[in-house]
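Asks: In our numbering, the protein residues as written are 9 to 192.
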């Protein structure tokens, strides 16, 4: 079978080989080149030697690895927060976030918000971030609703555009702002 994008025979990296050609790859975490980074591999292999290949333990098992609590405590200290929760993927972290905030307020999505932050339906927000931010200020401030959840990326990673969040200062309601900086 010919090697194609759905049948790769080599590890993911920032460059992949398929159909006899070399392609730049910007998906997952491999676009950073981390899976081939020698120092990362050393840390990874040390972890495998210490904890084994598969530790399917969960927070509700009667036997749990201490590394999970240690890692979360370390993350909380590093980022100056009361506590931290580490998930197995960014997608899972995003889904937990929006599900937890579902009862907090009315959701509004900025254009091109990362799909991991979508709920059960794809947001139908279109246009530029600048136009959207002006419109959302008017919508929120003129609404009877008091609690809002704004969900956005920190930037448009498909174009060289870092978003301007100064519009948030104009909002006169209770706002929970979720900003995905995974590509920032």
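Note that CB positions come from ideal geometry on N, CA and C, so glycine has one too.
Whose CA, out of 164, 183 and 167, lies closest to the CA of residue 147?
Replies: 183
Asks: Considering Cα atoms alone, identify which of 102, 134, 136 and 46 is closest to residue 190.
Replies: 102
Asks: Would you grab the beta carbon distance between residue 105 and residue 186 for me? Rounded to a whole angstrom, and I think it's under 8 angstroms.
Replies: 6 angstroms
Asks: Roughly how many angstroms lie between the CA atoms of residue 43 and residue 89, to the nearest whole one?
Replies: 29 angstroms
Asks: Of all the options 174, 137 and 154, which has the alpha carbon lying nearest to the alpha carbon of residue 163?
Replies: 137
Asks: In chain order, what residues of the same chain have a beta carbon less than 6 angstroms from the beta carbon of residue 31, not counting five sequence neighbours either side?
Replies: 24
Asks: In the structure shown, what three-state DSSP assignment does residue 29 receive?
Replies: strand
Asks: For residue 9, which residues from the same chain have a beta carbon less than 8 angstroms from its beta carbon, with the 5 sequence-adjacent residues on both sides left out?
Replies: Caution applies to residue 9, whose pLDDT of 46 falls short of 50 and renders its modelled position unreliable; the model cannot decide the point.
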